[in-house]
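Here the structure comes first, spelled out in C-alpha cells, and everything after it is commentary.
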Amino acid sequence: MIFAGINFERKTSIQFVEHTWNARDYAKALKLMFDEMRYDDEEDEYVLYQDNASIHTAKLTKELLEAEDIQSVQAPARSPDLNPIENAWTQLS
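If you count by my numbering, then the sequence shown holds residues 46 to 138, one letter each, in order.
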C-alpha cells in the first residue's frame, strides 16, 4: 500500500506500507502527514478526505483529528473518482 497527502499547494512524502495497518499505525502516519503539511504555515486549515475503512473511523483516529483540529469528510462508498489523490495514483501507474 502507498500512503500520501496532497492539497492545493503541497504534497507529502510517499510512504510505502508493507503490512496491514491498524488504527495506531494510521494515526501515527496521519500525525506525520499533518506535521509535514503544516511545516510552512501553521495557520492553514485542513480537511481530511477518507473513506469509511475501520482505521479511518477508529476512536484513536477521531481523537487525533480532534486534537489536531482537523475536519474529516467521509467519502461515499465505492467512489474513488471523488478523491483527488486517486488522480495522482493514476499518474504514477
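All C-beta atoms, glycine included, are put in the ideal place defined by N, C-alpha and C.
When rounded, the separation of the alpha-carbon atoms in residue 128 and residue 94 is 7 Å. Listed in chain order, the beta strand (DSSP E) elements of length 3 or more contained wholly in the segment 59-106 are 92-95. Residue 97 is a Cβ neighbour of residue 122, given a cutoff of 8 Å. Under the three-state reduction of DSSP output, residue 130 falls in the helix class. Less than 8 Å separates the beta-carbon of residue 72 from that of residue 109. Rounded to the nearest whole angstrom, the C-alpha separation of residue 102 and residue 81 is 22 Å. The Cβ atoms of residue 100 and residue 120 do not sit closer than 8 Å to each other. Between residue 92 and the set 58, 77 and 51, the nearest pair of CA atoms involves 51. A Cβ-Cβ separation of about 5 Å places residue 79 in contact with residue 113 under the 8 Å criterion.
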